[in-house]
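Residue 177 in the working numbering sits at position 151 of the sequence shown, with consecutive numbering throughout. Note that CB positions come from ideal geometry on N, CA and C, so glycine has one too.
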Amino acid sequence: MKGLKIFTPEDFPLDFKTSVTIGSFDGIHLGHKALLNRAKELASEFKATPLVVTFDPHPRKVLLPESHFKLLTTLEEKLELISKEGIYHICIIPFTRVLAELSADLFVEKYLVDGLKVQAVVVGFNFRFGKGREGSLEVLKRLGKTFGFYAESLGPIKANGLTVSSSTIRGLLEKGEVEKAGQLLGHPYFFSG
Numbered sequence: 027m028k029g030l031k032i033f034t035p036e037d038f039p040l041d042f043k044t045s046v047t048i049g050s051f052d053g054i055h056l057g058h059k060a061l062l063n064r065a066k067e068l069a070s071e072f073k074a075t076p077l078v079v080t081f082d083p084h085p086r087k088v089l090l091p092e093s094h095f096k097l098l099t100t101l102e103e104k105l106e107l108i109s110k111e112g113i114y115h116i117c118i119i120p121f122t123r124v125l126a127e128l129s130a131d132l133f134v135e136k137y138l139v140d141g142l143k144v145q146a147v148v149v150g151f152n153f154r155f156g157k158g159r160e161g162s163l164e165v166l167k168r169l170g171k172t173f174g175f176y177a178e179s180l181g182p183i184k185a186n187g188l189t190v191s192s193s194t195i196r197g198l199l200e201k202g203e204v205e206k207a208g209q210l211l212g213h214p215y216f217f218s219g
């Protein structure tokens, strides 16, 4: 992970402008790779640095601890896979119950605008954020008009007739369909230990 720069909210405000994509990015599948590539394109367009915003631990581990939720990748594996896609700036936001209670508007203002100096945001088609999952692309676009950043989402990515998602990949792995899971990931599934 040579050249990787990892930031946390303690590093805010950053001293450069960013083009961000936000999410849990578990597995770094084909849908995630499309978001990473679009964040790089927008960075070029807006003269900004492409940056991934992710959370640790995974939000489901905090909000539903009894669910025995299984991750596709460890944090270290996720960082390695992101850097292989050509993005070397990552902001890891500690996910807590307090963060989960923050309104979408406050999250955008505090983290994206003030902290990351965002110029452009790209999210997945099913991305939700903020208290009660109130934040959506429409919220990002509204706040973009207020704070002067561009926002868009990418539609679902399909492979082998399936919509690519971490949940779908988990389901395939649970059924032992490792090759199919690899096709949705865009790389062979692996784990380290």
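- Closest by C-alpha distance to Thr75, out of Lys206, Leu90, Leu40, Leu107, is Leu40.
- Spanning the alpha carbons of Gly156 and Arg86 requires a straight line of approximately 14 Å.
- Scanning its chain for C-beta atoms nearer than 8 Å, with the 5 sequence neighbours on each side dropped, one finds around Val148 the residues Ser45, Val46, Thr47, Leu61, Arg64, Ala65, Leu68, Ala177, Glu178, Ser179, Leu180, in chain order.
- As computed with DSSP, Ser179 is found in a beta bridge with Val149.
- Separation of the CB atoms of Ala146 and Phe175 is rounded to 6 Å, and the pair is thereby assigned contact status at 8 Å.
- When secondary structure is reduced to three states using DSSP, Pro39 falls in the coil class, being assigned neither helix nor strand.
- With a contact defined as Cβ atoms closer than 8 Å, Gly57 and Ile183 qualify at about 4 Å.
- Distance between Asp52 and Thr99, taken at the CA atoms: about 6 Å.
- Just measuring C-alpha positions, the residue of Leu105, Ser93, Phe173 sitting nearest Ile32 is Leu105.
- Taking C-beta atoms as the reference points, Val88 and Thr122 count as a pair closer than 9 Å.
- For Thr172, there is no enclosing beta strand (DSSP E); the enclosing alpha helix (DSSP H) has its first and last residue at 163 to 173.
- For the options Glu111, His94, Asp82, Glu135, the alpha carbon positioned closest to that of Ile119 is the one of Asp82.
- If you ignore the 5 residues before and after Phe95, its C-beta comes within less than 8 Å of the C-beta of His84, Arg86, Lys87, all in its own chain and listed in chain order.
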